[in-house]
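Heads up: the sequence shown at position 270 corresponds to 594 in my numbering, and the numbers run straight through without jumps.
All C-beta atoms, glycine included, are put in the ideal place defined by N, C-alpha and C.
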Amino acid sequence: MTPATQTVELTVADEHAWLRVDAYLAQQLHWRSRRSLAELLAAGQVIVNGHRVKKAHRLAAGDVVMLRLPRKPEADLDLAEIPLRIVYEDDDLVVVDKPGNLAVHPASTCQYRNLLRRLQHHYAVERPDPGVEPSVLHRLDRTTSGVVALAKRRTLIDFYTRQFAARTTNKHYVAVVHGCMEGEGSIELPIHTPADRPVVVGEGGRPSRTDWRVLVSTDHACRLAITLHTGRKHQIRAHLAAVGHPLYYDGVYGPPRRSTWPEQARPLLHAARLELDHRDGRRLCFSAPVPEDMERAWARLTTDS
325 MTPATQTVEL TVADEHAWLR VDAYLAQQLH WRSRRSLAEL LAAGQVIVNG HRVKKAHRLA
385 AGDVVMLRLP RKPEADLDLA EIPLRIVYED DDLVVVDKPG NLAVHPASTC QYRNLLRRLQ
445 HHYAVERPDP GVEPSVLHRL DRTTSGVVAL AKRRTLIDFY TRQFAARTTN KHYVAVVHGC
505 MEGEGSIELP IHTPADRPVV VGEGGRPSRT DWRVLVSTDH ACRLAITLHT GRKHQIRAHL
565 AAVGHPLYYD GVYGPPRRST WPEQARPLLH AARLELDHRD GRRLCFSAPV PEDMERAWAR
625 LTTDS
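Now the structure itself:
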């Protein structure tokens, strides 16, 4: 018989550190009512780092929040059908080349169809290893393809997430944007991240920096190499839109969706490379090639120029 509930696991990002757990859950599980979340907290059903917490508990970056929620029919999907491209794996880490139509964490529309669930299935069914509990170490939007790193055990989360908080990791992207840009530059504009709404660039936000360099340019489109120095929500998308060069097919920060867009269009952004320090002292570099859907879009844009 199919269980009536499903465990949801969330890893607290740097930008959410020091939020109360009730406020954090209201942001992350916005499809649930605040009353239902308050009831779960009061019943001791919310676990942070293995301990039950009350609603006023303050979170820290890297904390693992777990709770059980009712299952939806989506939970019956065959997770094995979701492509899984593992680019690196050892006792500490598993690094995946994520497709551009897959969420990393559970969310309102994908409580079960997401990368975390896919990896849980992989280590439970396809390559059983009861010692592995995948935990995401950094943020990547659902529509962004490319490199995502996960710790294989919860005891390792703190070591690896501290690198992202301290900005000793290197994150490099490829983007395709509207308009003609030349050379290279840096965007240093503060970003404010209101709950459940597009981010706002401007006064009152947190310091944010995005470096860009033109790889190829036409009269109406540019292919850019991006280096991310801070990891704010939607940072690349919001920063490029703020300087007049939004990503192609980004209906949130750029022009609204048009009938001429490809059917499966997504913002043209790819996490191409990630560098971090392994626990054994090695500096590791993981990379993923620009996916076919993004190459096709670039070819179509340059052919139409």
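Query                                                                                                                       : Result
Assigned exposure category for Pro-458 - 16 Cβ within 10 Å defines buried                                                   : buried
Check whether Ala-545 and His-496 have beta carbons under 8 Å apart                                                         : no
N-terminal and C-terminal residue of the beta strand (DSSP E) that Ala-350 is part of                                       : No beta strand (DSSP E) holds Ala-350; the alpha helix (DSSP H) holding it covers 345-352.
Coarse secondary structure for Tyr-412, derived from DSSP in three states                                                   : strand
Close beta carbons around Val-332, own chain, < 8 Å, minus the five adjacent residues each side                             : Leu-353, Met-390, Leu-391, Arg-392, Leu-393, Pro-430 and Gln-435
Rounded Cβ spacing between Gly-386 and Arg-376 (contact assumed at less than 8 Å)                                           : About 19 Å; that fails the 8 Å criterion.
Residues bridged to Val-599 [DSSP beta-bridge criterion]                                                                    : Residue 599 is actually Glu in this sequence, not Val. Beta-bridge pairing links Glu-599 to Asn-494 and Cys-609.
For Arg-344 and Ala-380, believed in contact at Cβ under 8 Å, the rounded distance                                          : 6 Å
Reference Pro-518, options Gly-529, Thr-551 and Glu-508, closest by Cα                                                      : Gly-529
Cut-off 6 Å between Cβ atoms - residues of its own chain near Ala-549, not counting five sequence neighbours on either side : Arg-537 and Leu-539
CB contact flag (Met-505, Ser-532, <8 Å)                                                                                    : no
Nearest-angstrom Cβ-Cβ length linking Tyr-572 and Leu-592, presumed shorter than 8 Å                                        : 5 Å
Cα-Cα separation, Leu-426 to Arg-466                                                                                        : 5 Å
Buried or exposed (CB count within 10 angstroms, at least 16 for buried), Asp-574                                           : buried
Any 3 or more C-beta pairs closer than 8 Å across the region 403-412 and the region 445-453                                 : yes
Boundaries of the alpha helix (DSSP H) in which Asp-617 is found, first to last residue                                     : 616-627
Residue nearest to Val-336 in terms of C-alpha spacing, selected from Leu-361, Arg-382 and Ala-362                          : Arg-382
For Ala-404, three-class secondary structure by DSSP                                                                        : helix
DSSP three-state assignment for Thr-329, whether helix, strand or coil                                                      : strand
Distance between Asp-338 and Ile-515 (C-alpha atoms, nearest Å)                                                             : 14 Å
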